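For the sequence shown, the positions run 6 to 380 when my numbering is used.
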Amino acid sequence: MYGSTSITDMPAEIIDQICEGLTLEETANLQGTAPLTVTPYFPQDAYAPFERLIDAVFFPRFNKMRLTTDDNDKRNVMITFSPRSTHSYLEQSFSIPSNSDQIKPILRSCSKVDSLTISFSDHHEYFKILSAITEEGIELTKLVVNFHTPKECGCGEDKPLCKKIRNRSHRKVTDFVRAHARTLTTLKVSTSEEDSVSVELRPADGASTSTESHVVYSHHSDSAVHQSLIYQVFNAMNYAKPTGPSSVILTVDWRQRLDLALQSAFMVALPVGQRGGVRKMRIGFSSKVSALKHDEIHDCLEAFSHQLSETHRLQELLCDFTKSQIDLCQLEPMFTALSSPLGRLTHRIRFLMDEPVWEQPNLIKQEWAKLPPVY
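Rendered as structure tokens:
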């Protein structure tokens, strides 16, 4: 009687450990080969369930993917898969170059990936991998894109070649976001180490039918970048949703041109056509934007107030001034500036400070006795 030593007869845990000792390409090759066995009677089509077994025990651990330029070959992109678990035996990440013949089978097997980080440059291999991710039906919920200035541009970002390369990259990423917008809930775009904009969508007040949009805006006022990238990419994400958010949190993390930063954060969170449904809004300033004085805050809110006229159903506006230098006696002009565009007495405006919350009592309805939680 023959004794079988086929790898397909091994427990799933052993097969998992074997795959951990291989590269991703070797694992993919193992899936596509007939099993090694010493018995002549082993079924020749046994590789099919074996392939499914590896898909079931090894690849589901990966939920994070990163694209970076290959340090050893600038013509290639390295794709790194990382696990979701923090257990020591699952911490290992696996990388594979974009020119591998096994890219598509591996992407198909890594169906649990829901987070993608791209250190982006204008590179054909990036575009090819993004297309493959979309074709394989990977459902992303989180996308982080870090743009790099192309080498051809040097320091002259106004050169025609630089503009062409930059705009092409922006279009490719916008198209990719549009293709995955149905499932995306977190999107962050950085154009330098200091400049970034992020949006996170989550259920509002625990409800499944309405969403809360949290925007952190930390980007200088570059109108060209905003028109070709920032507004386009976030609009691609927002317009794919069935409805706009019912609650919005705007956090300004940029010190220069505070007024433009707040207005841009508003446009990122609420594109035209989705502003009428928002019911709650919170405006805040990060620790980076510290020691704000009354005149700065007042001018910023006054310039921003005109956009509130489009929020027809806004019921509550909370302004967080805990990191500012404003006295209680200076709040009345700010309240007037914010209240005027709303044009009705059914809304509620609250100012959150280091002292207790300040609000205009004559505009609060009796049924609003209980204050909503401070986010």
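Using N, Cα and C, we set each Cβ at its ideal position, and we do this for glycine too. Note that the coordinates shown come from a computational prediction; the quantities given were computed from them, not determined experimentally.
Just to confirm before moving on: does the CB-CB distance between residue i and residue j stay below 8 Å?
i: Thr179; j: Thr146; result: no
i: Thr139; j: Ala186; result: no
i: Met286; j: Leu322; result: yes
i: Ile431; j: Ser116; result: With the chain covering 6 to 380 only, the question about residue 431 has no answer from this structure.
i: Pro110; j: Ala209; result: no
i: Thr216; j: Glu205; result: no
i: Ile123; j: Asn151; result: yes
i: Ser201; j: His225; result: no
i: Ala172; j: Ser120; result: First, the residue type needs correcting, since residue 172 is Asn and not Ala in the sequence shown. No, Cβ-Cβ distance for Asn172 and Ser120 is not below 8 Å.
i: Leu35; j: Leu27; result: yes
i: His128; j: Thr74; result: yes
i: Gln268; j: Leu297; result: no
Look at the alpha carbon of residue i and the alpha carbon of residue j, and state the distance between them as a whole number of angstroms.
i: Asp21; j: Phe99; result: 14 Å
i: Phe125; j: Asp332; result: 45 Å
i: Arg57; j: Leu112; result: 14 Å
i: Phe290; j: Thr256; result: 5 Å
i: Val277; j: Ala241; result: 12 Å
i: Thr327; j: Gly281; result: 28 Å
i: Tyr244; j: Ile19; result: 47 Å
i: Ser87; j: Ile108; result: 16 Å
i: Ala17; j: Pro247; result: 42 Å
i: Leu376; j: Cys324; result: In this predicted model, Leu376 has a pLDDT of only 40, less than 50, meaning its place in the structure is not dependable; the value taken from the coordinates is given anyway. Straight-line Cα distance between these residues: approximately 14 Å.
i: Gln312; j: Tyr222; result: 17 Å
i: Asp227; j: Ile59; result: 48 Å
i: Ser310; j: Gly249; result: 20 Å
i: Leu148; j: Leu192; result: 5 Å
i: His352; j: Leu275; result: 19 Å
i: Asn81; j: Gln261; result: 38 Å
i: Gly176; j: Leu263; result: The displayed chain sequence assigns Arg, not Gly, to residue 176. So the two alpha carbons sit approximately 28 Å from each other.
i: Ser136; j: Lys79; result: 20 Å
i: Lys168; j: Glu199; result: 20 Å
i: Pro165; j: Ala270; result: 29 Å
i: Asp50; j: Glu141; result: Interpretation of Asp50 is limited by its pLDDT of 45, a score under 50 that renders its predicted location unreliable; no figure is taken from the coordinates.
i: Met15; j: Tyr236; result: 53 Å
i: Gln320; j: Gly37; result: 59 Å
i: Arg89; j: Ser174; result: 29 Å
i: Met358; j: Cys334; result: 13 Å
i: Leu72; j: Glu31; result: 20 Å
i: Val220; j: Leu347; result: 22 Å
Looking only at C-alpha atoms, which of the options sits nearest to residue i?
i: Val62; options: Met83, Asn34 and Cys24; result: Cys24
i: Val194; options: Ala342, Lys246, Leu234 and Met83; result: Leu234
i: Thr85; options: Ser103, Lys79, Asp78 and Pro16; result: Ser103
i: Ser218; options: Thr122, Cys167, Ile143 and Ile288; result: Ile288
i: Arg203; options: Glu141, Val238 and Thr216; result: Reading the sequence as shown, one finds Ser at residue 203 and not Arg. The shortest C-alpha separation from Ser203 is found at Val238.
i: Ile101; options: Ala266, Asn77, Ser269 and Glu315; result: Asn77
i: Ala266; options: Leu27, Met339, Ile302 and Lys79; result: Ile302
i: Met339; options: His352, Phe132 and Phe356; result: Phe356
i: Asp300; options: Gln320, Leu336, Glu315 and Ser292; result: Leu336
i: Thr316; options: Arg260, Glu31, Val253 and Leu297; result: Val253
i: Tyr131; options: Ser114, Thr28, Asp106 and Phe181; result: Phe181
i: Gln279; options: Arg318, Leu297, Trp259 and Lys298; result: Arg318
i: Gln97; options: Leu72, Lys79 and Arg66; result: Arg66
i: Ser292; options: Asp258, Lys168, Ser174 and Leu347; result: Asp258
i: Ala342; options: Gln320, Ser314 and Val220; result: Ser314
Would you please state the rounded distance, in angstroms, between the beta carbons of residue i and residue j? I believe it to be under 8 Å.
i: Leu354; j: Ser345; result: Note that residue 354 corresponds to Ile in the displayed sequence, not to Leu. Contact doesn't hold; Cβ gap of about 11 Å is too wide.
i: Met83; j: Val118; result: So it is not a contact: roughly 15 Å between Cβ atoms.
i: Ser251; j: Arg207; result: The pair is not a contact, with the Cβ atoms about 12 Å apart (cut-off 8 Å).
i: Ser114; j: Phe64; result: 4 Å
Any heavy atom of the ligand HEM closer than 7 Å to the beta-carbon of residue i?
i: Ala229; result: With respect to the ligand HEM, the structure offers nothing, as it holds no ligand at all.
- Message: Quick test of the definition: if touching needs 3 or more C-beta pairs under 8 Å, does the stretch 228-244 touch the stretch 301-320?
- Response: Between the stretch 228-244 and the stretch 301-320, the count of C-beta pairs closer than 8 Å stays below three; the two stretches do not touch.
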